[in-house]
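**Student:** Position in the sequence shown (from 1) plus 47 gives the number in our numbering. From the three backbone atoms N, C-alpha and C, an ideal C-beta is built for every residue, glycine too. Take a look at this one; I'll ask things after.
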Amino acid sequence: MLPPPYVDECAVTNGHCEHNCTNEPGGYSCQPGYQLHIDGHTCVGQSLTVTR
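Here is the structure:
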């Protein structure tokens, strides 16, 4: 059995992402400092906690 062909999900329409699409084996992700929203297409900034 042959492995599935390599697919770059970000190559077409930026992976339907609103932010920069980062291709990963088997999928895609957001850039560091962002996380994928539950909608599967939006990258949202991660919250930073500042302690004084």
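Quick one: residues in its chain with C-beta nearer than 6 Å to the C-beta of T89, no 5 flanking neighbours on either side, listed in chain order?
**Tutor:** E65
**Student:** Just curious, the beta strand (DSSP E) that G73 is in, first and last residue?
**Tutor:** Taken as a continuous stretch (DSSP letters only), G73 belongs to no beta strand (DSSP E), as it is neither H nor E.
**Student:** Closest by CA to P39, which one among Q78, N67 and G74?
**Tutor:** The shown model of the chain, from 48 to 99, leaves out residue 39, and the question about it has no answer.
**Student:** State the CB to CB distance for the pair N67 and D55, rounded to an integer number of angstroms; the pair is presumed to be in contact (CB under 8 Å).
**Tutor:** Contact flag wrong, Cβ pair sits at about 14 Å.
**Student:** How many angstroms separate the CA atom of Q82 from the CA atom of Y53?
**Tutor:** When only Cα atoms are considered, Q82 and Y53 end up about 24 Å apart.
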